[in-house]
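Comments concern the structure below.
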Amino acid sequence: MRRIALLMTLLGACASTAGLEDPPADLGDFVLGHNITVTDKMQMVPISRAATGAEWEAAMEKAVADRFGRYDGSRVYNIGIAIDGYALAPPGIPVVAAPKSVLVITANIWDDARQAKLNTEGKQLTVFENLDGENLIGTGLTRTREEQMAALAYNAAGAVESWLLEHPEWFADPGGAAPSPGTRP
């Protein structure tokens, strides 16, 4: 539990800067197949609002579907996410005790046609809520627990997309070239 708390404190934010209103990044002939989130080993940092595994699974699967459901290729890829830990900022004293919300996930991707996992080890990603005026005084005061979860899940799905863009070889057409990383159609 201490390792996750320390990890969440020390690691910086990691999220895609592309919004859902932007065209999807180039992942070749990508289309989302299975979208699975598990929470069986999830841990909550003690200073946090509580959320159930089912609530996190629903929030994360919605965020993945929203981000990756925009792709309309014909080659099916499955995304699996394990939620490792989280902290949802509780209401506190502004500025003095304004904890930040954070989410730690491990992501994996499978190529359905190859029947193979593309990454050898799960990719652990840590995301925070976006830095804005609300975060300066603490989102525990300005957002509901559900809003915090949705924001973290959105940022986590963006971080997964950014990670996938680092590996164009995974999405190369077997008879052609890989897409250029970060390019838009």
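The sequence shown lines up with residues -18 to -1, 1 to 167 when you count with mature numbering (1 follows the signal peptide of the UniProt record, and there is no 0). The C-beta atom is built at its ideal place from N, Cα and C for all residues, glycine as well.
When you compare only the Cα positions, how much space is there between residue 59 and residue 17?
-> Their backbone Cα atoms lie some 9 Å apart in a straight line.
Using a Cβ-Cβ cut-off of 6 Å (strictly less than) and excluding sequence neighbours within five positions of residue 64, which residues of its own chain qualify?
-> Scanning its chain for C-beta atoms nearer than 6 Å, with the 5 sequence neighbours on each side dropped, one finds around residue 64 the residues 20 and 88, in chain order.
In chain order, what residues of the same chain lie with their CB nearer than 6 Å to the CB of residue 142, ignoring the 5 residues before and after it?
-> 89
For residue 104, which residues of its own chain have a beta-carbon under 6 Å away from its beta-carbon, when the five flanking residues on both sides are left out?
-> In chain order, 88 and 90 place their CB closer than 6 Å to the CB of residue 104, counting only its own chain and leaving out the 5 sequence neighbours on each side.
If you compare alpha carbons, which of 100, 31 and 39 is closest to residue 152?
-> 100
For residue 50, the first and last residue of its enclosing alpha helix (DSSP H) | Its alpha helix (DSSP H) spans residues 35 to 50.
How is the alpha helix (DSSP H) around residue 64 delimited, first residue to last?
-> Looking at the DSSP string, residue 64 is not in any alpha helix (DSSP H); the run it does join, the beta strand (DSSP E), is 57 to 69.
Span separating the alpha-carbon of residue 53 from that of residue 147 | The alpha-carbon atoms of residue 53 and residue 147 are separated by roughly 14 Å.
Beta strand (DSSP E) containing residue 15: first to last residue?
-> 12 to 20
Take the Cβ of residue 2 as the centre, count every other Cβ of all protein chains shown within 10 Å, and call the residue buried at 16 or more, exposed below.
-> exposed
Assigned exposure category for residue 22 - 16 Cβ within 10 Å defines buried | exposed
Going by CA-CA distance only, name the one from 49, 130, 38 and 44 that's closest to residue 13.
-> 49
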